[in-house]
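One structure below.
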Amino acid sequence: MIGGLPPGVVPPHAEAPKNIRRWAVRIEYDGRGFVGWQRQATGLVSVQSVLEAAATRLTGGRPVSSITAGRTDSGVHATGQVAHLDFPDDIPLSSSAVRDALNYHMKPHLVAILIARPVLPTWSARFSAIRRSYRYRILNRPARPTLDEGRVWHVRQPLDVELMQKAAQCLLGRHDFTTFRASACQARSPVRTLDRLDIHREGDEIVLVTEARAFLHHQVRNMTGTLKMVGEGSWSVERVAQALAACDRRAGGPTAPSEGLYLTGVGYNEDPFVK
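According to our numbering, the stretch in the sequence shown is residues 2 to 276, in order.
What follows is the structure, encoded as structure tokens:
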């Protein structure tokens, strides 16, 4: 749960904003050019700042705020990020106009709106979400990446995918994930329910796919770094279960690099992007 709320429920104190029209947008971006999703006081380029600056161009300078389903870190990519934007209701906009105009004004940054749909003013990209999905890509070969430079974690030594998959099953279900939680994580509770964690090989690439209603800060990258240790033979499968039970970040493996991680989707009880 996020903030103690049941799935799909917005905060009880949240009232419908007045004089706005809310839009849900699905976003794709290359994380290498950003300090992450969240706007920074330092003025460094974030996905949020680029998106909101483009939206403000559509309103003639009136500020437009955004809320996202998940705040990705610097270097993390997205193929299915979701956010909502509040435009003044006196501006007539169509779905295609929102998508195309935002994409035009966000150039040359490598971020694009894939689809835009109007939603109720009480709908929230964050609080209405009931599932988040991530993919982690490991290029497992001696030769360094060329076409995928900055988009995969390059691991030279051979990894045993079967052992990694077996160890991954130790992490499924509802647990205290303190061992796989960043020290700077601001979540109220370290308890999360991991619904899916699958690992398979596609040629030279090892792909980790995971789903949960919510994740802790660095949870996917910390789990990936630990499972890589199993794959290279440094850890046993049993040690992963022991690390989880320890509820201590020092018991876990290293944090995998950000460039291999992708936010691939956000699920809702009623998908706003399906007509």
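In this text, a Cβ means the ideal position worked out from N, Cα and C, and glycines have one as well.
Sequence-distant residues of its chain with Cβ nearer than 6 angstroms to residue i (five each side left out)
i, result
"V267", "A70, V83, A130 and R133"
"V10", "Any answer about V10 is weak, because its pLDDT of 40 lies below 50 and its placement is not dependable; what the coordinates show is given next. Nothing listed; no residue qualifies."
"A183", "H218 and H219"
"V26", "A84, I114 and A117"
"R58", "H106"
"N20", "D90"
"T179", "P191 and C248"
"R142", "D205"
"R72", "W38 and Q39"
Contact check, residue i vs residue j, beta carbons under 8 angstroms
i, j, result
"L262", "H110", "no"
"T60", "P93", "no"
"V112", "V48", "yes"
"E233", "Q158", "yes"
"T227", "A242", "no"
"L173", "V153", "no"
"V156", "D177", "no"
"A168", "V238", "yes"
"T225", "A246", "no"
"G44", "T265", "no"
"R189", "P122", "no"
Proximity winner among the options, relative to residue i (alpha-carbon distances)
i, options, result
"V162", "P143, V208 and R40", "V208"
"A55", "T73, Y105 and W24", "Y105"
"S96", "R27, S190, P191 and I116", "I116"
"G37", "S50, E203 and V26", "S50"
"F181", "N20, R250 and A98", "R250"
"D87", "S125, N141, W154 and G44", "S125"
"K276", "R152, A246 and V120", "V120"
"A329", "D272, E271, R142 and M230", "Not covered by the structure: residue 329. The range shown for the chain is 2 to 276."
"S67", "R58, F274 and H85", "H85"
"R240", "Q170, R136 and A25", "Q170"
"R197", "A257, A215 and T57", "A215"
"E212", "L195, T225 and M224", "L195"
"Y137", "A247, W24, V210 and C186", "V210"
"G34", "R22, K108 and A42", "K108"
"L103", "E29, R175 and R127", "E29"
"P255", "F274, P273 and S235", "S235"
"E203", "A185, D101 and L160", "L160"
"Y269", "D149, L164, F128 and R145", "F128"
Coarse secondary structure for residue i, derived from DSSP in three states
i, result
"R40", "coil"
"A54", "helix"
"H78", "strand"
"A244", "helix"
"S47", "coil"
"G204", "coil"
"F35", "coil"
"G234", "coil"
"H106", "helix"
"V221", "helix"
"L94", "coil"
"A252", "helix"
"D272", "coil"
"V65", "coil"
"F216", "coil"
"T179", "helix"
"T265", "strand"
"T73", "coil"
"R23", "strand"
Residue-level contact to chain D via CB, residue i, 8 angstroms cutoff
i, result
"R202", "Within the model displayed, chain D is absent; a lone protein chain is all it includes."
Residues near residue i in its chain [Cβ-Cβ closer than 8 angstroms; skip 5 each side]
i, result
"S259", "G32, D74, S75, G76, V77 and R222"
"Q166", "D199, I200 and H201"
"R40", "S47, Q49, S50 and E53"
"Q187", "H218"
"R145", "H155"
"R63", "T57 and P89"
Cβ neighbours of residue i in the same chain (closer than 7 angstroms, five flanking residues each side left out)
i, result
"E271", "none"
"D149", "L140"
"A185", "H218"
Proximity test, residue i beta-carbon vs the ligand SAH heavy atom, cut-off 7 angstroms
i, result
"V153", "For the structure depicted, the ligand SAH is absent and the ligand set is empty, with no information on it obtainable."
>> Suppose only complete runs of 4+ residues qualify. What are the alpha helix (DSSP H) ranges in the segment 122-177, listed by chain order?
In response: 162-169
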